Amino acid sequence: MSKYGPTRGELKFRLGFSAAGLVLMAVALSLHGVKGIAWAEIVMIAGGFFGGTFIWTLWKLIREEPE
């Protein structure tokens, strides 16, 4: 693991937090639906943030050796 990078514990926390954000966003969309252009913007920004963080963190966890 990199000397200056996040620890595996922090990466696991980020992965869980990102997954929870994606699930909550999916639940909100399924309950309320897309009503107007603002929802599309919210989905793009929040989905980009949580999805990007999820993918980046998963990539780092897979690539790095255990401590």
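Residue numbers in the sequence shown follow full-length UniProt numbering, run continuously in steps of one, and reach 67 at the last position.
Glycine included, every Cβ here is placed at the ideal spot set by N, Cα and C.
Predicted model only: the values in this text are computed from it and were never measured.
Start and end residues, alpha helix (DSSP H) containing residue i
| i | result |
| --- | --- |
| Val34 | No alpha helix (DSSP H) contains Val34, which DSSP labels as neither H nor E. |
7 angstroms Cβ shell around residue i - same chain, five flanking residues per side excluded
| i | result |
| --- | --- |
| Ser18 | Phe50, Thr53, Phe54, Thr57 |
Collapsed DSSP secondary structure at residue i in the structure displayed
| i | result |
| --- | --- |
| Glu64 | coil |
| Lys12 | helix |
| Thr57 | helix |
| Gly5 | coil |
Contact belief for residue i with residue j at Cβ below 8 angstroms, rounded distance in angstroms
| i | j | result |
| --- | --- | --- |
| Tyr29 | Val43 | Sequence check: residue 29 is Leu here, not Tyr. So it is a contact: roughly 7 angstroms between Cβ atoms. |
| Lys60 | Leu24 | With 8 angstroms as the limit, Lys60 and Leu24 do not qualify as a contact, their Cβ atoms being about 23 angstroms apart. |
Other residues of its chain near residue i: CB distance less than 8 angstroms, five sequence neighbours each side excluded
| i | result |
| --- | --- |
| Val34 | Ala40, Val43 |
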